[in-house]
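Chains as they are written, first to last, in the working numbering: chain A, 696 to 1109; chain B, 285 to 557. Worksheet: one structure, shown below.
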Ligand SMILES: Nc1ncnc2c1ncn2[C@@H]1O[C@H](COP(=O)(O)OP(=O)(O)OP(=O)(O)O)[C@@H](O)[C@H]1O
Ligand code: SF4
Ligand SMILES: [Mg+2]
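Have a look at this one:
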């Protein structure tokens, strides 16, 4: 593929740099820094108060992607964390233990910890660790699990979260000394909604044949904008650019691999320390991921799960917060994967579990069995970790991945 | 006399196996030796040995397929295929009624479901840890100063299997000594070792579904103690033979033959050969 049609990745790199610059500028202006989770954060509301978000999950994966995880993980393990504890937690804690010094530069420490408690139980203890270490105030929003198997959420669940957001507003006013500006919130939500919609359309290009996007390995680059800078004009522009690029790829018949021999659905968090080699295990077989669940951790944007609405800012924000991927029950998640297989006409499913995370890896063995035995969909289940390089063993992964493709080739007759 | 031959070399983590088939897919010879640290050296020597046994030269071999963990080290071969596909094919060759394969090697245990053509439908492997693999039996044998052949045979004399809860390969020796220190007989301890490994493998097999016939392959299939424990716990007969250890190499050779007969073979680099 020509460099011409692979510019969005560079562009997102620049946006990430700009985002860190903006966080630092906010600090210099006397604005506050909030540590936020990727899942279910009400960033639109924090922005109204000129609060800049840091996402320790994202900084951890960025550090890990560049090989910098071991010293931070080591620091937390010396501090007392067990090897079994999630690598994100250990890296996030170590960043603060280290006063923000990391291998990718200075990461501002938190003025407040925005705890959106959804899906992952460790979230609470992680944020409380900051409170313990630095007296950081923790603002908590409790988010009910999606319990219905068809993904439906009852009105009172939405009210429950919206009520907490309404209580949060005066707290934030007090904390920042700024008045709440509802008009500003509507404008930010309008921009967010526009970006979400464009991002959904980008991901749905995976339905085209051949797919112009790798909706997992490439989407992992592209998704940084929706997480880090949504609610801004730059974010909307970025996804418009991406959508154009993807459509141009499709028209010119190019894509992320020289040809498209296999169409996959991918479930699970990637391996960051060896990201490119990990991708290579699949790319080498000319396999393209046409749909994936992970790029929707921050919000299941397709399937009509939620949409942000500037006319109902608080309610629609609450609804969005409930639809984080790990906040969905297992049956709904299995059904989502099944729908992807059907709607994106995939040949098989790859499930990557990570040692760190129960929240994501829970039920993976059962999902594999369900796909194979009940639906006759080929599925491969492999395991490593998202940030800890100690859990990556390439020869073993390659063995499984190669065997999977060998049998897919026979099945497909290619 | 065959017009040509096709070879398969299985560079496993413990043993390197080679097999030779003729132009009609008939097995002609096999060879085995320890893999050691020099994978390519072992592969070369196993290959030479199988040629010697068959009394033919390299020029008579038209195609060579490498398999096993060390398959990418077999640079003198034509292509590589995973041992999962190869064991499936080899097991189907020896026992055409096979629908489920259990391959127990030195560091991996693999459960494979295949169709009536010997093609892989599903597979599961032990996770990264080598607990409950051939390495554990090796450790137990070392602790007792016995050969691999002896441990299997002695275990058959056991009356009551000692419960072994940890089949960690690293602690195999300590675990075995510990059980003996408790006053258990060697026979009962070995019966326990095989029995707990069988339980673990059956768990893996259940994940792909156990459909008869079940063929037991890999080096551990030569161990009569293991065969007995599996049959006892499964309540069914399983297929093994002195050749099941070579299923990977046999399957590799047969894939090579298919390739020569121009059925497409797909390799890891995505190249259709
Ligand atoms: N003669 C024998 N009698 C009993 N057991 C044996 C014998 N020879 C080998 N084994 C067993 O077989 C194991 C090795 O099997 P095999 O050669 O299939 O492994 P491998 O292919 O090298 O390993 P892997 O497939 O895990 O990479 C040894 O650990 C040992 O337990
Ligand atoms: S356990 Fe999973 S969901 Fe929780 S912090 Fe770690 S990676 Fe995130
Ligand atoms: Mg083997």
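No residue lacks a Cβ here, since even glycine has one placed at the ideal position from N, Cα and C.
Compare the Cα-Cα distances from residue i to each of the options and report the closest residue.
{"i": "residue 296 of chain B", "options": "B:285, B:316, B:287", "result": "B:316"}
{"i": "residue 506 of chain B", "options": "B:308, B:411, B:292, B:436", "result": "B:436"}
{"i": "residue 322 of chain B", "options": "B:308, B:503, B:354, B:301", "result": "B:354"}
{"i": "residue 443 of chain B", "options": "B:475, B:399, B:405", "result": "B:475"}
{"i": "residue 824 of chain A", "options": "A:786, A:886, A:1017, A:846", "result": "A:786"}
{"i": "residue 999 of chain A", "options": "A:895, A:986, A:1053", "result": "A:895"}
{"i": "residue 985 of chain A", "options": "A:955, A:1016, A:1013, A:756", "result": "A:955"}
{"i": "residue 721 of chain A", "options": "A:805, A:774, A:826", "result": "A:805"}
{"i": "residue 1054 of chain A", "options": "A:889, A:962, A:902, A:770", "result": "A:962"}
{"i": "residue 1105 of chain A", "options": "B:468, B:324, B:401", "result": "B:401"}
{"i": "residue 254 of chain B", "options": "B:433, B:536, B:349", "result": "For residue 254 of chain B there is no data in the structure shown, the boundaries of chain B being 285 and 557."}
{"i": "residue 358 of chain B", "options": "B:448, B:530, B:326, B:517", "result": "B:326"}
{"i": "residue 1017 of chain A", "options": "A:925, A:847, A:871", "result": "A:847"}
{"i": "residue 1044 of chain A", "options": "A:1052, A:1030, A:888, A:765", "result": "A:1030"}
{"i": "residue 522 of chain B", "options": "B:542, B:499, B:528, B:384", "result": "B:499"}
{"i": "residue 542 of chain B", "options": "B:310, B:298, B:302", "result": "B:310"}
{"i": "residue 1033 of chain A", "options": "A:988, A:1049, A:957", "result": "A:988"}
Identify the continuous beta strand (DSSP E) that holds residue i and give its terminal residues.
{"i": "residue 508 of chain B", "result": "Where residue 508 of chain B is concerned, there is no enclosing beta strand (DSSP E), although the alpha helix (DSSP H) it sits in stretches over 508 to 518."}
{"i": "residue 706 of chain A", "result": "Premise fails: residue 706 of chain A lies in the alpha helix (DSSP H), 703 to 723, not in any beta strand (DSSP E)."}
{"i": "residue 836 of chain A", "result": "833 to 837"}
{"i": "residue 346 of chain B", "result": "345 to 351"}
{"i": "residue 810 of chain A", "result": "807 to 812"}
Over the uninterrupted alpha helix (DSSP H) stretch that includes residue i, give me the two end residues.
{"i": "residue 971 of chain A", "result": "970 to 978"}
{"i": "residue 888 of chain A", "result": "877 to 899"}
{"i": "residue 476 of chain B", "result": "470 to 492"}
{"i": "residue 314 of chain B", "result": "Taken as a continuous stretch (DSSP letters only), residue 314 of chain B belongs to no alpha helix (DSSP H), being part of the beta strand (DSSP E) at 311 to 318."}
{"i": "residue 1097 of chain A", "result": "1089 to 1107"}
{"i": "residue 325 of chain B", "result": "323 to 338"}
{"i": "residue 403 of chain B", "result": "Taken as a continuous stretch (DSSP letters only), residue 403 of chain B belongs to no alpha helix (DSSP H), as it is neither H nor E."}
{"i": "residue 930 of chain A", "result": "928 to 947"}
{"i": "residue 1016 of chain A", "result": "1008 to 1017"}
{"i": "residue 757 of chain A", "result": "751 to 760"}
{"i": "residue 873 of chain A", "result": "That residue, residue 873 of chain A, is in no alpha helix (DSSP H); it is neither H nor E in DSSP."}
{"i": "residue 659 of chain A", "result": "Residue 659 of chain A lies beyond the residue range present for chain A, which begins at 696 and ends at 1109; the question has no answer from this structure."}
{"i": "residue 822 of chain A", "result": "817 to 829"}
{"i": "residue 786 of chain A", "result": "782 to 792"}
{"i": "residue 435 of chain B", "result": "432 to 439"}
{"i": "residue 766 of chain A", "result": "764 to 774"}
{"i": "residue 461 of chain B", "result": "456 to 465"}
{"i": "residue 558 of chain B", "result": "With chain B running from 285 to 557 in the structure shown, residue 558 of chain B is simply not present."}
{"i": "residue 1063 of chain A", "result": "1059 to 1064"}
{"i": "residue 543 of chain B", "result": "531 to 544"}
{"i": "residue 1053 of chain A", "result": "1053 to 1056"}
Would you grab the beta carbon distance between residue i and residue j for me? Rounded to a whole angstrom, and I think it's under 8 Å.
{"i": "residue 1058 of chain A", "j": "residue 1076 of chain A", "result": "Actually they do not touch by this definition, with Cβ atoms about 11 Å apart."}
{"i": "residue 1069 of chain A", "j": "residue 782 of chain A", "result": "No, residue 1069 of chain A and residue 782 of chain A are not in contact; Cβ-Cβ is about 33 Å, not under 8 Å."}
{"i": "residue 949 of chain A", "j": "residue 696 of chain A", "result": "5 Å"}
{"i": "residue 294 of chain B", "j": "residue 300 of chain B", "result": "7 Å"}
{"i": "residue 1022 of chain A", "j": "residue 1011 of chain A", "result": "Incorrect: roughly 16 Å between the Cβ atoms, too far for contact."}
{"i": "residue 347 of chain B", "j": "residue 540 of chain B", "result": "4 Å"}
{"i": "residue 918 of chain A", "j": "residue 990 of chain A", "result": "5 Å"}
{"i": "residue 901 of chain A", "j": "residue 1039 of chain A", "result": "6 Å"}
{"i": "residue 410 of chain B", "j": "residue 418 of chain B", "result": "The Cβ separation is near 11 Å, so there is no contact."}
{"i": "residue 365 of chain B", "j": "residue 407 of chain B", "result": "That belief does not hold up - the Cβ atoms of residue 365 of chain B and residue 407 of chain B are roughly 14 Å apart, past 8 Å."}
{"i": "residue 424 of chain B", "j": "residue 453 of chain B", "result": "10 Å between Cβ atoms; not a contact."}
So if DSSP puts residue i in a beta bridge, which residue, or which two residues, is it bridged to?
{"i": "residue 523 of chain B", "result": "B:499"}
{"i": "residue 797 of chain A", "result": "A:800"}
{"i": "residue 746 of chain A", "result": "A:727"}
{"i": "residue 1076 of chain A", "result": "A:1046"}
{"i": "residue 293 of chain B", "result": "B:302, B:350"}
{"i": "residue 394 of chain B", "result": "B:387, B:409"}
{"i": "residue 841 of chain A", "result": "A:1023"}
{"i": "residue 984 of chain A", "result": "A:959"}
{"i": "residue 364 of chain B", "result": "B:350"}
Would you check whether ligand 5 has a heavy atom nearer than 7 Å to the C-beta of residue i?
{"i": "residue 299 of chain B", "result": "No copy of ligand 5 occurs in the structure displayed; its ligands are ligand 1, ligand 2 and ligand 3 alone."}
Practice item. Closer than 5 Å is what we want: which residues have a beta carbon that near any heavy atom of ligand 2? List them in chain order. Key: The set of residues with a C-beta under 5 Å from any non-hydrogen atom of ligand 2 comprises A:781, A:783, A:815, A:817, A:1052, A:1054, given in chain order.
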